[in-house]
Amino acid sequence: MMMPSTDSNPSRVSLPAILAGLGALPFLASSLLLTLGVYNLPLLGSTAEILRSYSLAIAVFMCGIHWGQYLQDAQARNLNLLMVSNGLTVICWLGFLMASFVAYFVIVIAIFLVLLWVDYRLHKAGRITARYFRMRLAVTAVVCASLALPLSFS
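Residue numbers for the sequence shown follow the numbering used here, beginning at 72 and rising by one.
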């Protein structure tokens, strides 16, 4: 069972790619605002906290995707996705609660890179499509760059 399924027409943009791209926008916007010195947004509060909390939500969401793959695909169990996804979720959450701004972003960048490595392994094992992996690679690059940018100004 190949997961996640995507449209077989390579010229057509898939819904997962659209949603992943849209999901990267808050990273880009928050990072850009912090870089430009916009530290608070009306109704939303601290721009840094917006970026921190959104990165937590998305990292945990991505871990949940791997948990789902573990449950749905017996062949994907060789990577022990259940333990990896749970471990990364706890590390991310504890980092969010206890780490400084800079340390948390280093932690969450590392987590996004580990999640990408897991997807690389799933791709090499034939469990996800090349198209999905390329999309994950591009979005992870944007997300990690967005998280790293404010660090250069802290």
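Where is the CB? At the ideal position from N, CA and C, for every residue including glycine.
The structure displayed is predicted, hence computed values, not measured ones.
- Using a Cβ distance threshold of 7 Å, Ser101 and Ile121 count as a contacting pair.
- A buried status is given to Phe183, since no fewer than 16 other beta-carbon atoms sit within 10 Å of its beta-carbon.
- For the 7 Å CB-CB criterion, Val210 and Ala91 form a contact.
- Scanning Val131, Ser171, Gln146 and Leu105 for the CA closest to the CA of Cys163 turns up Val131.
- Of the residues assessed, Ile180 falls on the buried side of the cut-off, its CB having 16 or more other CB atoms within 10 angstroms.
- DSSP places Leu114 in the coil class of the three-state scheme, outside both helix and strand.
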